[in-house]
């Protein structure tokens, strides 16, 4: 296989700990909402469109999340000379995917993906005879060529890293994306085409001191930085108090046991515990439809015709707190923290950060703790000990 170089833009490197700066952007969902096109989009797609990322489909096809709700990205480069791409760092998938020079859809012609020569040159190198198929939630992504390139991640080189090239990005959805591709940080069992995930390749080549990575996310609009992905360790200056560690219960997604969910201090859901995924690829917190519907009612959210719920922006300070108990430690979100402000028909509205999503597994229905949760609690993903750590973010 041919090799080229890949590089991830970093801010600082100290003792094998590498900091990747993250930018925060408006999600595709928010863009569609403000353009009054979300309802049309949802009408044109299957009801389970947002749950397909977490639906097992066998080794040949992965239903990959279309990142409607993603809000953070960083920069990587592939090839020699390096060709830059913005990617979502996603703990809910395991493949690295970028758009191909041969991508023929409208989305590839917009923004940085189609306007710069980097995607018309170097990525034609290193194509192997194998390929695999990834499927996004809003349609099949098309054949993805399986390439092996030398790559740079966080100012260091990673050799022989497989990645996929998208040759077709369906629908108008991708035209609103502020990112080019996806870098999955899940376990190898989620990977399509037997490609070794990026972080596993980093561990294999002993490029970091500790087999872990962590996320610090900013949600404040007035802050220039969207946060950081830290490879190889923990930044103790980014949190206060102690870290609460909980074991991974199933090594595919970063799946853990959640003890219960409380509203205003009262156990309302998961009284006997339930499984949850810690997922940086979505901004939302999701749960089973029946329970999320009750939760929305309990916090005073009102439904729309296309399944979203809105809160009264004037009453956020008096709305109930929602608490997630994990490892016998309580993690509380106020209404100001679980609401997202969006512009709709020239008015500012507060959208509930909770969404119904039915994901059934052998262990029961899954909840997802996305960026709304991670932005409040500094989160460490420890591959060496197969555990996740949480601490109050500063």
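In the UniProt record's numbering, the protein residues as written are 1 to 394. By construction, the Cβ of each residue, glycine as well, lies at the ideal position given by its N, Cα and C atoms.
Annotation note: the segment 240–306 contains the following uninterrupted alpha helix (DSSP H) runs of length 4 or greater, listed N- to C-terminal: 289–299. Counting the other Cβ atoms within 10 Å of the Cβ of residue 348 gives fewer than 16, which makes it exposed.
For residue 35, no alpha helix (DSSP H) segment is defined, and its DSSP state is neither H nor E. With fewer than 16 other Cβ atoms from the protein chains shown falling within 10 Å of its own Cβ, residue 194 counts as exposed. Rounded to the nearest angstrom, the Cβ distance from residue 281 to residue 164 is 16 Å, too far for a contact under 8 Å.
Taking 8 Å as the cut-off, the Cβ atoms of residue 379 and residue 215 count as close. Judged by DSSP in its simplified three-state form, residue 164 adopts strand. Residue 301 is positioned such that its CB atom lies no closer than 8 Å to that of residue 368.
Taking every protein chain shown into account, the CB of residue 391 has 16 or more other CB atoms within 10 angstroms, so this residue is buried. Non-local C-beta neighbours of residue 30 in its own chain, meaning closer than 7 Å and more than five positions away in sequence, comprise 342, ordered along the chain. Closest in alpha carbon position to residue 374, among 161, 306, 229, is 229. In the structure shown, the three-state DSSP call for residue 19 is strand.
Per DSSP, residue 354 is one residue of the beta strand (DSSP E) stretching across 354–356. Counting the other CB atoms within 10 Å of its CB gives residue 288 a total of 16 or more, which places it among the buried residues. Annotation: residue 25 is outside any alpha helix (DSSP H) and is labelled neither H nor E by DSSP. Buried is the label assigned to residue 355, since at least 16 other Cβ atoms lie within 10 Å of its Cβ.
The segment 319–330 and the segment 251–264 touch, with no fewer than 3 CB-CB distances between them shorter than 8 Å. Scanning the segment 176–242 for uninterrupted beta strand (DSSP E) segments of 3 residues or longer gives 181–184, 212–217, 227–231, listed from N- to C-terminal end. Rounded to whole angstroms, residue 206 and residue 157 show a C-alpha spacing of 11 Å.
Pairing residue 353 with residue 372 gives a Cβ-Cβ distance under 8 Å. Taking the C-beta atoms as reference points, residue 181 is found no nearer than 8 Å to residue 72. Put simply, of 255, 234, 315 the residue whose alpha carbon is nearest the alpha carbon of residue 361 is 255. Exclusion of the five residues before and after residue 271 leaves 260 as the residues of its chain whose Cβ lies within less than 7 Å of its Cβ.
Short of 6 Å from the beta carbon of residue 231, and not among the five residues preceding or following it, lie these beta carbons of its own chain, in chain order: 18, 154, 208, 213.
In the structure shown, residue 71 falls within a coil segment according to DSSP collapsed to helix, strand and coil.
Here DSSP, grouped into helix, strand and coil, assigns residue 363 to coil.
Collapsing the DSSP output to three states places residue 312 in coil.
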